[in-house]
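**Q** If you scroll down you'll find the structure; I have some questions about it.
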Amino acid sequence: MFTVTNRDRLCAKFGEKAMIQEIEKIVHRIKIKEIAGADETALACAGALIILARHSKAKTLEEFRWEAKEVTNRLVNARPSSSSLRNAVSHISREFEGSEGVELAEMRSLIENSASRLMEKIDDAKKRIAEIGSKRIRNSDVIFTHGFSTTVLAILKRVVEEGKSVQLFVTEARPGFGGREMAWRINDLGLPVTLIADSAARVFINGIDNILIGAEAIAVNGAVISKVGTAVIATLAHEARVRVLVAAGTYKFSPETVVGELVEIEEGDQAQIVDLKLLAKRENVHVRNPMYDVTPPQYVDAIITERGMIPPQGVYLILRQIVEDQN
Amino acid sequence: MTYVLPEKVEEIAKGIKTMEIRGAGKIARAAVEALKITVEASRAEKFDDFMSELSFTAKILLETRPTAVSLPNGIRYVMRRLMQARDTITNVTDLKAYTLRVADQFIEDSEKAVQRIGEIGAKRLKDGDVILTHCHSSAMVEVIKTAWEQGKKIQVYSTETRPRFQGRITAKTLGQLGIPVTMIVDSAVRYFMNEVDKVIVGADAIAANGALVNKVGTSMIALAAHEARTLFFVAAETYKFSPETMVGELVVIEERTSSEVISSKQLKSMKNVTVRNPSFDVTPAEYIDLIITERGVIPPQGAMAILQDLYGWFIGEKMGFPR
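First to last, the sequence lines map onto chains A and B. Residue numbering for the first sequence follows our numbering, beginning at 1 and increasing consecutively. Residue numbering for the second sequence follows our numbering, beginning at 1001 and increasing consecutively.
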């Protein structure tokens, strides 16, 4: 953890309070989930490391390494069980952690390049996913989505640009009501959208052509970690034989997880579900608030990535390719 | 003859409509209570006048919640007996007294039904069971409460039940009894399903084929339970069984106002956004392990037998069979 002592040490090292404050601000915004989506979080992490690379006052490579480690730890610990956060940070740090025999200046640009590359990768991936995903959407399709996803929005935008008219069903996505924001954005794209309670998904499933959702992370077995409720929607889509498409860049693939189901699921604030004052009065009532759930690969028809549309079983192959490319 | 609806009847009708009066049992009892009030306020001296007063009240009540099965069943219980008594009780005053007795009988039986379901259902719960509930139901609460009072250490997951958050009532009620309750969002049911031994829900209506009409989200939970091979129980008084479905009628799924899902102001500013807000959904019989009624436990396939026993006359009448 980033302790007070650590902070003082960082301040002294950097000799630049403004920079620390900048990084702190990013960490804080991730912590309070003001920055929450997988992509937004990754972009913010990359931003924090670029700030460090440019402004660090470190005089030796060792000092700089220590600082970089401190910042990455700080970022990861903002939401210790967020898979997307861990993914993003390890994505960037993978490139500099192993590097030996480099000069300080080289190290700075290594980190900056690595962070910029992730930013570009996210941007490019989104464009490519939009192109590929849009091909799978036919004119007059009825699409169902759950939770807020910028990747899904990118696909829908592309669908509109291609002149296809589709109709959306969007869940409100308790507890954060991310689905409302999603509905407003779809409204702005000019597509007709129907907002429903999460529980009503099964009522409308028979009229749906495709389920299209984003992801927080994807495990090596193709299991999808996404907004809580996704798994039950995928289950009922499977029951109704409705296709489930997941839109996710390969940077969301999580190499840490040998068995997908072992991904730790972060819990959100209790206050999202009940008034804490009321809760305090009821000693026998507790709250559990898992933010995500795990959709088993057998309920996923395809994952739309920037490398193409793949079956969930293909995640392992892509991950292997990525590791090979790096070596 | 002009007939003015008693004020209290109007209050009850409003209470049912606004869901201040909720839960099928309470709705049925309130409706029968409204019939009682109508009888007590009646100045009718002729049978036909008396009947039209009652029918008027019945009509107003039936319109409040078109999908609440207990409501017509409660009204039918009273009206049917009144029609049958017409041949033997010719004096309108006596008939009024008889109607009040019948109404009281229904109210008493219905109150006892919940208690009886509690006793029967509790036998199905074991010490250490983890239960998942959805929405609020007196019968469901009674089953858990009775088992708890028998000393069975039970733990409950209670969904918040959007859009109206009735699950909070369940959590509060069970919590006050000392039962450990964990509140979760509706979407999290599958996440916890593997920890759950039994799902128990109430019922708004049960169709002749054993399909359950209940608070929206129930069918999703039943599916998740089925997938995880978790037992799925329904606690339902027999007045929840819908005789209409025996004659082919579909149970109407009521849609409620969009403001339960999103504020009207916000919705107005988004011209492409509409809201669908079904109150109920239909859980197919194959996802239901057991229906706990005050007459005992039945498989969903037993719904037909219950309907024939209780409302056979109605079905015959609707099909045009001689009585």
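The beta carbon of each residue, even a glycine, is placed where N, CA and C say it ideally should be.
What are the residues that DSSP puts in a beta bridge with residue 1270/B?
**A** Beta-bridge pairing links residue 1270/B to no other residue.
**Q** Rounded to the nearest angstrom, how far is the Cβ of residue 1145/B from that of residue 1177/B, given a contact under 8 Å?
**A** That belief holds up - the Cβ atoms of residue 1145/B and residue 1177/B are roughly 6 Å apart, short of 8 Å.
**Q** Leaving out five residues on either side along the sequence, give the residues of the same chain with a beta carbon under 6 Å from the beta carbon of residue 202/A.
**A** Excluding residues within five positions, the ones whose Cβ falls inside 6 Å are 236.
**Q** Taking only beta-carbon positions, decide if residue 261/A is within less than 8 Å of chain B.
**A** With a pLDDT of 49 at residue 261/A, under the threshold of 50, the predicted position of this residue should be treated as unreliable, though the coordinate-derived value follows. Output row for residue 261/A: interface = no.
**Q** Does chain B have any CB closer than 8 Å to the CB of residue 183/A?
**A** Chain B contact via Cβ: present.
**Q** Go through its chain and collect everything with a Cβ distance to residue 1239/B's Cβ below 7 Å, but skip five positions before and after it.
**A** 1028, 1070, 1073, 1074 and 1110.
**Q** Which residues in chain B have a C-beta closer than 8 Å to the C-beta of residue 158/A? List them in chain order.
**A** The contacting residues do not exist; residue 158/A stays about 18 Å from chain B at best.
**Q** By the three-class DSSP mapping on this structure, what secondary structure does residue 1212/B have?
**A** Three-state DSSP puts residue 1212/B in a strand.
**Q** Using the three-state DSSP reduction, which class does residue 409/A fall into: helix, strand or coil?
**A** With chain A covering only 1 through 327, there is no way to say anything about residue 409/A.
**Q** Once DSSP output is grouped into helix, strand and coil, what is the label at residue 1067/B?
**A** Coil, per DSSP.
**Q** Alpha carbon to alpha carbon, how far is residue 48/A from residue 300/A?
**A** If you take the alpha carbons of residue 48/A and residue 300/A, they lie about 34 Å apart.
**Q** Check whether the Cβ atoms of residue 1270/B and residue 187/A lie closer than 8 Å to each other.
**A** Yes, Cβ-Cβ distance for residue 1270/B and residue 187/A is below 8 Å.
**Q** Could you have a look at residue 254/A and say whether DSSP puts it in helix, strand or coil?
**A** Residue 254/A falls in the strand class under three-state DSSP.
**Q** How about residue 1322/B: is its C-beta nearer than 8 Å to some C-beta of chain A?
**A** Legend: pLDDT at residue 1322/B = 48, less than 50; position of this residue unreliable, no value from coordinates given.
**Q** Figure out for me which residue from 1187/B, 1213/B, 1225/B and 1163/B has the closest Cα to the Cα of residue 1326/B.
**A** This structure gives no information on residue 1326/B, because the portion of chain B shown stretches from 1001 to 1323.
**Q** Around the Cβ of residue 139/A, are there at least 16 other Cβ atoms within 10 angstroms (buried) or fewer (exposed)?
**A** It is exposed - the Cβ of residue 139/A has fewer than 16 other Cβ atoms within 10 Å.
**Q** What residues from chain B crowd round residue 199/A, counting only those whose CB sits closer than 7 Å?
**A** Near residue 199/A (Cβ distances below 7 Å), the residues of chain B are 1162, 1186, 1216, 1217 and 1220.
**Q** Does the CB of residue 1227/B have a neighbour CB from chain A at under 8 Å?
**A** With 8 Å as the cut-off, residue 1227/B counts as an interface residue toward chain A.
**Q** Residue 282/A CB to nearest chain B CB: under 8 Å?
**A** Cβ-Cβ to chain B under 8 Å: yes for residue 282/A.
**Q** For residue 1297/B, which residues from the same chain have a beta carbon less than 6 Å from its beta carbon, with the 5 sequence-adjacent residues on both sides left out?
**A** Only 1290 meet the Cβ criterion.
**Q** Our contact map puts residue 274/A next to residue 294/A with C-beta atoms below 8 Å; I'd like the distance itself, whole angstroms only.
**A** Contact flag wrong, Cβ pair sits at about 25 Å.
**Q** 8 Å is my cut-off, CB to CB: does residue 174/A come that close to chain B?
**A** True, the Cβ-Cβ gap to chain B drops below 8 Å.
**Q** Report, in whole angstroms, the separation of the C-beta atoms of residue 1187/B and residue 228/A, which I expect to be a contact under 8 Å.
**A** About 5 Å; that satisfies the 8 Å criterion.
**Q** Cβ atoms of residue 303/A and residue 133/A: under 8 Å apart, would you say?
**A** No.
**Q** Assuming residue 1162/B and residue 197/A form a contact by the criterion Cβ under 8 Å, report the distance between their Cβ atoms to the nearest whole angstrom.
**A** Indeed they touch by this definition, with Cβ atoms about 4 Å apart.
**Q** Name, in chain order, the residues that DSSP records as bridge partners for residue 211/A.
**A** The partner list for residue 211/A (beta bridge, DSSP) reads 144/A and 244/A.
**Q** Determine the burial state of residue 1166/B: buried for a count of at least 16 other Cβ atoms within 10 Å of its Cβ, exposed for fewer.
**A** Buried, since its Cβ has 16 or more Cβ neighbours within 10 Å.
**Q** Using C-beta distances below 8 Å, list every residue in its chain close to residue 112/A, excluding the 5 sequence neighbours before and after it, in chain order.
**A** Around residue 112/A: 49, 50, 53 and 54.
**Q** Can residue 1181/B and residue 172/A be called in contact, C-beta distance under 8 Å?
**A** No, these two residues do not count as a Cβ contact at 8 Å.
**Q** Sorted by chain position, which residues of the same chain lie with C-beta nearer than 6 Å to residue 2/A's C-beta, five sequence neighbours on each side aside?
**A** Model confidence at residue 2/A stands at a pLDDT of 42, short of 50, so the residue's coordinates are unreliable; what they give is reported in the following sentence. 74, listed in sequence order.
**Q** If contacts are defined as beta-carbon pairs under 8 Å, then residue 1035/B and residue 1103/B qualify, I think. What distance do you get, rounded to the angstrom?
**A** Residue 1035/B to residue 1103/B, Cβ: 6 Å. Contact.
**Q** Note down the Cα distance separating residue 154/A from residue 176/A, rounded to an integer number of angstroms.
**A** Near 21 Å, if we compare the C-alpha coordinates of residue 176/A and residue 154/A.
**Q** Note down, one range per segment and in chain order, each beta strand (DSSP E) of at least 3 residues found wholly within the region 1180-1230 of chain B.
**A** Within the region 1180-1230 of chain B, the complete beta strand (DSSP E) runs of at least 3 residues are 1181-1184, 1198-1201 and 1212-1215.
**Q** Taking only beta-carbon atoms, is residue 1178/B less than 8 Å away from chain A?
**A** For residue 1178/B, the answer is yes, since a Cβ of chain A falls inside 8 Å of its Cβ.
**Q** Where DSSP assigns a beta bridge to residue 1159/B, which residues make up the other side?
**A** Paired residue(s): 1184/B.
**Q** Would the region 1015-1024 of chain B and the region 1045-1058 of chain B be scored as touching if the rule is three or more Cβ pairs under 8 Å?
**A** The region 1015-1024 of chain B vs the region 1045-1058 of chain B: no contact.
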